Structures are given as C-alpha cells and as structure tokens.
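**Student:** First the structure, which I've put down as structure tokens, then a few questions once you've had a look.
Residue numbers (the UniProt record's numbering): 1 to 661.
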C-alpha cells in the first residue's frame, strides 16, 4: 500500500518497481498521479487501486497484462471512453470500479472490433484503393496513408456519441494495422498517445455540481429521428412580426432532434455550403414539442496547442458552444454530436465566451485548459472547466440580466460583462488552483446611457478601447487600467446617416470588426448594415468625454427590409466575410475581400452602391413529426475561424449546421 503519500508520477521509479517481479496487489489511491510511467513492468500485477488521483490517461496500463481488478474512481479527467480503452487493452480484466465487466469487455474486444474493422476496410475500398497506383512511390504511400487516417477517423462512426473518442482511437489503431498488413507500412507504436476530447458519461442524470450531460445518446432520440425530414427548397411564408421593443421572449430546452435524411443542394441557388445537421438540443424539460426556446449565442472553442480537447483530425476547432433557455451545449459540428450539456434550471442563458487559462495541475506542472463562461437573465457568470466536466465557480456580476460577455484577446483572465443595468463591467476572473479555488475582482465599470447589446474590443488596441452597440446608439470607452478612475462615462458616441441628416439615436444590435480597422454595425434602420472605419471616425487626440463623432462610412450592405430587432451579425476576419440572418430563416453572406484593400488606403472612398450579398442561404424545409416548425428567425450565425462550418441559431430551438463545400 502506497496510499495517501502525496506521490507524483515522478516518484514511481521504474528501477525500483521493475524489481517487484511477484507483486500482485498495489494501492496507489489518494495521491497526485497524473499518469503512469510506461516501464514499471510489474509482470504479475492482478489488483490495482488508483482512486482519487489526477490521472489523465489510462493507456499506459496495458503494461500490466494480467490485471484482473482495477479501480480509478474520482479521477476527474477520466471518462467513459477511458473505461472502454482499458476493457480493450486488458484482456484479463474482470472488475472495473467494482463492477463485473466481463460480458461488456468481450463485446468491446470482439463485436465492436469486428464492426469497426469492416467499416474501416469498406472505407478504404470505396474511397482510397483506386487512388494508389500499382507502381507507387514511398511518397505516394505516405500521402495516401495520411489522407486515409484523417478521413477514416472523421467518417467511421459507430455506437453512442458518448463513446466517439474511444471509437476514433480504435479506428485509428485498426486503420494503421490494416495499412501495415495490406501495404506493408510500419505501425505507429504510440497509437494510444492521443489527446482526449473528454466526452461525457453515459448516464444523462444531472449531478449536483451542474456537470455536463450527454444528450446525444442514441437511445434517447433515435425513436424520433425518423420523423424529422429536410427538404432544402424555398418555402412559402406568412410574414408575422413580433414586437421589436424588448428582447424577444426566451424560453428553455434539452432533447436533440436531428434532420438526418441526407440533405441535397437546393436547385434554386448556388450553394457554397451544404446543410449537415439540425439539432433541437436546448428543449425545456426534454420536450420534443418545444419550438419556443430562443437560441442566442454561439462561439467556437479555441484550439489548444497541446490541450486535453485538441482534435487530432482538424487544425481548426470544430467544437462550438451554444446557449439558449436553461442550457449550454457543446456540439461537434462534423458529427452533429452534443458532446456535453450544462443546465441551470432557473437560468436563461444569453451569452457564452471562451478563454484559455494555464492552470497548475500539480506543484511543478502547468497545463493550458479551455474555460467557458456563460451568463444570462440572473446576472451571474458561470465558469466551466470543460475538460473536467465541472462548473467550478460563479461571479455575481450584475443585479439585472447580462446581455453579452467577451474575453480580452490579450489578457486571458479579463472578462467584460454588459448588462441591462446599463453598465459594462470588467472582471479579472483569476486562475483556479488545483482545488478550483479562485478569486475574481472587478477592475472597471463603464457607464452606459442605454442597455448595451453588443460589445467589441478594438483589434489595434484591445487594452485601450471598447466599442458597444446599445439600445440608443454606438459608444466607445477608454478602458486603460492605468488611468485610475474605476467608473467611467463613455468617451465618444458615433453618429450615422439617417434619411436627410446624421443621428446618434438608433438601436445598434449588431457589432463586430471585419479586420483591424473596419467596423460592421447593424442599425435599427430597416435593411441597414454599415461598414465604417474606426481609425478615421475616432479622434483619439481630442480632449474630454462624451464627444460626438461622425462614423466615416465605407459601405452599406444590402439586407432584409425587416424592422425586427436582435438579429445579430458576425464576421470571419480570416476570410473577410460578414454573416447576418433574417426574419425568414435565411442567412445573408457577404464576401468583402475585393473591397478591403481599397478601404484600407488613406483615401479609401465610400462604395457608392449598396453591396449585395454574395449569397443568401435559404433555410431548408424541415419537418418534425410531419409538421413544419413555426416561422423561423435567425438570431445569430457564426462561422469558425477557418470558415469550414456555419452555425445558425434560431428562435424556434433549432441549431442548424452548414459545412462549406
């Protein structure tokens, strides 16, 4: 027994342990181990207890082939996927965490492996066999191996979504063995050394710590997948309007329905993106009848250089966080799998934001982890450590609802919260220690004259200026922390063209930067999206606060003539795209790459004509249980940084995911 000795991985000296040739039982519980060294040997080990450690990976346990009993409860980074890995790796294992797994393990080793092998083989035969010429070079073999391994891990799917990481791990292993056998390619010896995607446990019961649930269990929704069909053709609409004055009624949600009947391109338009998935994963009380919950915000997860959730298949993140009603979901855009779900029964979430914190795992080791912040009607910010499935804290930021939040791109612990109390607060959320203790502090309060709806930090000086679109105008604040004054009025209000003259008074419900200088803002004036220059509009040399400045307009985008509010816009700076949904379920896409060079020059003139959309993506004709959902408003639409996926959030509790062709 080596229990409760504060042991770390480095304390397990292979030179000592390899001499314990007849050791049969080892208790390493209640220590600080984050992994097992690969060369402990212990050839006769039968029983191993490593409860209450910080283990992140189980694949090194394959060095104990005679292991019969294994327990590793209360290791927060280990998931259901790890249970399946040890069942496959340890052929003699009978008891796992106190449960008899003999039957299930046989299924994993035999049936699961057989099914996956046949799928991998079929994938090669169908898509890759003919790509390899009879007389092939080593370079050709290397290239096809790389493409095949990427493709097979993305496309071979089997079993419940909660096991997708295990499935991908096994598929890679089987594919490499298949290539070694059929092409004589050498096997990769460290098949197991892949980073986790930390999906969730099989049970979908809520835990007291507001941990995630996996909503995408096959058994949960396969019974009504067949009732959801998609036909991407244009549809007739009745034009009903809801009052634009208040934030439109929002409700909640928790089943996932998928329109999965192979959507084809519409013949009515030149589609550059194809519909992949339509998910109903925010339903209140798991009701499949819920078409009222409004979905408001979505943000793609940042890619970690070596983090626990890095996807080995794609360089750009394909995981998106969405919020609406009482829940926040994490969705894999490629597979349509809901990886995790967080619920707070009394909350109504309006906004989510990501940051990456370097957290101390043990005394000497630091590791980058993605943290998700979520906020809404209760004025509270929830902080979620996604890889550990743990909502570790909250900040009571405002007494009124929080409309939107965003992290600083340069200070990873700095979070801005914009509230209906007419204040924008800057918080330092701190970095949690290994016991998740953290200290949050308020650094600044920016006073607004009306409710802030959208906020954006100026890319050229993100620690100096913040821009906000509010119910009654567009404002800028100086946010430099060395100025002393903690509570600040706005520094500038921008005026925009209005019929005959200029006005400052208008609702700005869409705001984003297209590049380092060009601001895209959407006004309550029907059909109006302006592009304007920050540097030419904002006079940094002027003295005093609350100055009025005229926005130097570069162009106007043609958009819907609706006066419906809160249909917000987004940008994809790397591809120079602007996206905005409308009141008919369509997404207006503008490729502005041919304009930005001219706008960037010192004498960049305004584009005289309104710029038409490059394309309008039509909402497909969805049928759920044979019926169409009610009128669809697109509240938000966001692309990942590489513009591979487009995520569309609606007023009817449906998340649509398109993939760029």
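Just so it is clear, CB atoms sit at the ideal spot from N, CA and C, and this is done for glycine as well. Values in this document were obtained by computation on a predicted structure and should not be read as measured data.
With distances taken from CA atoms, which of 75, 367 and 89 is nearest residue 67?
**Tutor:** 89
**Student:** Three or more C-beta pairs closer than 8 Å, one from the segment 126–133 and one from the segment 87–101: is that the case here?
**Tutor:** no
**Student:** Would you call residue 410 buried or exposed, if buried means 16 or more other Cβ atoms sit within 10 Å of its Cβ?
**Tutor:** Classification for residue 410: exposed.
**Student:** Name, in chain order, the residues that DSSP records as bridge partners for residue 636.
**Tutor:** 649
**Student:** How far does the beta strand (DSSP E) with residue 549 in it extend, from its first residue to its last?
**Tutor:** 547–550
**Student:** Residue 436 lies in the beta strand (DSSP E); which residues open and close that run?
**Tutor:** For residue 436, no beta strand (DSSP E) run applies, since DSSP gives it neither H nor E.
**Student:** Buried or exposed, going by whether 16 or more other CB atoms sit within 10 Å of the CB of residue 546?
**Tutor:** exposed
**Student:** Shortest alpha-carbon distance to residue 461 belongs to which of 63, 516 and 78?
**Tutor:** Residue 516 is the option with its Cα nearest to residue 461.
**Student:** Using CA atoms only, rank isn't needed, just tell me which of 371, 408 and 506 is closest to residue 463.
**Tutor:** 408
**Student:** Short of 6 Å in beta carbon distance, which residues of its chain neighbour residue 4, apart from the five on each side in sequence? Order them along the chain.
**Tutor:** If the five residues before and after residue 4 are omitted, its C-beta is found closer than 6 Å to the C-beta atoms of 30, all from its own chain and listed in chain order.
**Student:** Which residues mark the beginning and the end of the alpha helix (DSSP H) in which residue 327 is found?
**Tutor:** Residue 327 -> not in any alpha helix (DSSP H); beta strand (DSSP E) instead, spanning 327–332.
**Student:** Pull up the distance between the alpha-carbon of residue 478 and that of residue 288, whole angstroms please.
**Tutor:** 47 Å
**Student:** Mind pulling the alpha helix (DSSP H) runs of 4 or more residues that sit fully within the segment 92–130?
**Tutor:** 102–107 and 113–123
**Student:** Under the rule that 16 or more other beta-carbon atoms within 10 Å means buried, what is residue 142, buried or exposed?
**Tutor:** exposed
**Student:** If you check the beta carbons only, do residue 455 and residue 418 fall under 7 Å apart?
**Tutor:** Against a cut-off of 7 Å, the Cβ pair of residue 418 and residue 455 comes out as a contact.
**Student:** Rounded to whole angstroms, what is the Cα-Cα separation between residue 15 and residue 23?
**Tutor:** 15 Å
**Student:** Evaluate residue 506 with the Cβ neighbour count: other Cβ atoms within 10 Å of its Cβ, from every protein chain shown; 16 or more gives buried, anything less gives exposed.
**Tutor:** buried
**Student:** Is the distance from the Cβ of residue 636 to the Cβ of residue 568 below 7 Å?
**Tutor:** yes
**Student:** Kindly say whether residue 419, judged by its beta-carbon, lies nearer than 7 Å to any beta-carbon of chain D.
**Tutor:** No chain D is present in this structure, which holds just one protein chain.
**Student:** Skipping 5 residues on each side, what residues in its chain have a beta carbon closer than 7 Å to that of residue 105?
**Tutor:** 87 and 93
**Student:** To the nearest angstrom, how far is the alpha carbon of residue 656 from that of residue 608?
**Tutor:** 35 Å
**Student:** Mind reading off the beta-carbon distance from residue 481 to residue 470? Whole number of angstroms is fine, and I expect it under 8 Å.
**Tutor:** Contact doesn't hold; Cβ gap of about 23 Å is too wide.
**Student:** Comparing alpha-carbon positions, which option in 70, 638 and 178 lies nearest residue 145?
**Tutor:** From the listed residues 70, 638 and 178, the smallest Cα separation to residue 145 is found for 178.
**Student:** So residue 57 and residue 35 are supposed to be a Cβ contact under 8 Å. How far apart are they, rounded?
**Tutor:** 5 Å
**Student:** Residue 455 lies in the beta strand (DSSP E); which residues open and close that run?
**Tutor:** 452–457
**Student:** Under DSSP, the beta strand (DSSP E) around residue 274 begins and ends at which residues?
**Tutor:** Run containing residue 274: 273–279, per the beta strand (DSSP E) assignment.
**Student:** Taking one C-beta from the segment 67–84 and one from the segment 34–49 each time, how about it: are there three or more such pairs within less than 8 Å?
**Tutor:** yes
**Student:** Output needed for residue 175: all residues of its chain with C-beta closer than 6 Å, excluding positions within five of it in sequence on either side, in chain order.
**Tutor:** 120, 149 and 152
**Student:** Residue 140 lies in the alpha helix (DSSP H); which residues open and close that run?
**Tutor:** 138–155
**Student:** Leaving out five residues on either side along the sequence, give the residues of the same chain with a beta carbon under 6 Å from the beta carbon of residue 39.
**Tutor:** 14
**Student:** Taking contact to mean at least 3 C-beta pairs separated by less than 8 Å, is the segment 583–590 in contact with the segment 491–508?
**Tutor:** Counting Cβ pairs under 8 Å, fewer than three are found: no touch.
**Student:** Buried or exposed: residue 502, going by 16 or more other Cβ atoms within 10 Å of its Cβ?
**Tutor:** exposed
**Student:** Please classify residue 404: is it buried, with 16 or more other beta-carbons within 10 angstroms of its beta-carbon, or exposed?
**Tutor:** buried
**Student:** Across which residues does DSSP place residue 591 in a beta bridge pair?
**Tutor:** 577
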